[in-house]
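Asker:
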């Protein structure tokens, strides 16, 4: 489902190129959770950005479900959900409005979007704040909304960048349970983290 072959990213500077990703190769099958483990600055987020089609690789290739990122970026984006602690929410929208807006961006039919909203509300326990403005939510609640948003179009691939960053132990458990749900749904998942114990748990 995810294929990365000899992926390279160099950033030119005045003195010499900075190599952020150096001939990275791996595959992720449906139902598999793959960990990109490394310290801050190791190139994890750069790798995800190339897989998403937001950065052009210096060399190598990335494919999602047989679509090469550099050749078919729109087809790739349709098949990926992305969740990160750094992704913001729209402060003046409620979680319900934000999730339905996200579904509309992916051309999800309204009746299907309604079902997805109901399923994800139950899965991530959103009901107590579904109609609050996102500006009033806690960090953990905002992350739950982001996790739901990433699944509104039911993608086969999920990319997660430091998904527990800044979360307490209760909110972190929600993320772990969510990843377990993705595995059961046969999603191909990449989780970036710099925490060894978190990678072992996942």
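Residue numbers (the working numbering): 80 to 281.
Just so you know, even glycine gets a beta-carbon here, dropped at the ideal spot from N, CA and C.
Quick one: residues in its chain with C-beta nearer than 8 Å to the C-beta of residue 279, no 5 flanking neighbours on either side, listed in chain order?
Answerer: Excluding residues within five positions, none has a Cβ falling inside 8 Å.
Asker: Keeping to the same chain, check which residues put their C-beta closer than 7 Å to that of residue 114; ignore five residues upstream and five downstream.
Answerer: The answer, listed in chain order, is 270, 272, 278, 281.
Asker: Output yes or no for whether 7 Å exceeds the beta carbon distance between residue 154 and residue 146.
Answerer: Yes.
Asker: In whole angstroms, give me the CA-to-CA distance for residue 120 and residue 99.
Answerer: Those two C-alpha atoms are separated by around 8 Å.
Asker: Mark residue 189 as exposed unless 16 or more other C-beta atoms lie within 10 angstroms of its C-beta, in which case mark it buried.
Answerer: With fewer than 16 other Cβ atoms within 10 Å, it is exposed.
Asker: Using only CA atoms, which one of 253, 276, 82 lies nearest to residue 144?
Answerer: Checking every option, the nearest Cα to that of residue 144 belongs to 82.
Asker: Anyone know if the C-beta pair for residue 159 and residue 84 falls short of 7 Å?
Answerer: It is not a contact, given that the beta carbons lie outside the stated cut-off.
Asker: Any idea which residues DSSP pairs residue 89 with across the strands?
Answerer: Looking at the DSSP assignment, residue 89 forms a beta bridge with 98.
Asker: With distances taken Cα to Cα, identify the nearest neighbour of residue 242 among 175, 193, 170, 124.
Answerer: Among 175, 193, 170, 124, the Cα nearest to that of residue 242 is on 124.
Asker: Residues in its own chain within less than 6 Å of residue 148 by CB, not counting five upstream and five downstream?
Answerer: 132, 141, 155.
Asker: Measure from the alpha carbon of residue 249 to the alpha carbon of each residue in 212, 168, 219, 95, then state which is nearest.
Answerer: Minimum Cα distance to residue 249 is reached at 219.
Asker: Whole angstroms is fine: what's the gap from residue 176's alpha carbon to residue 93's?
Answerer: If I take the Cα positions, the gap works out to 46 Å.
Asker: Among 185, 226, 170, which one has its Cα closest to the Cα of residue 211?
Answerer: Out of 185, 226, 170, 170 has the C-alpha closest to the C-alpha of residue 211.
Asker: Consult DSSP for residue 233 and reduce its assignment to one of helix, strand or coil.
Answerer: In the structure shown, residue 233 sits in coil (DSSP, three-state: anything other than H, G, I, E or B).
Asker: Within 10 angstroms of the Cβ of residue 208, are there 16 or more other Cβ atoms? Answer buried if so, exposed if not.
Answerer: Burial call: buried.
Asker: Taking C-beta to C-beta, are residue 150 and residue 87 nearer than 7 Å?
Answerer: Cβ atoms of residue 150 and residue 87: not closer than 7 Å.
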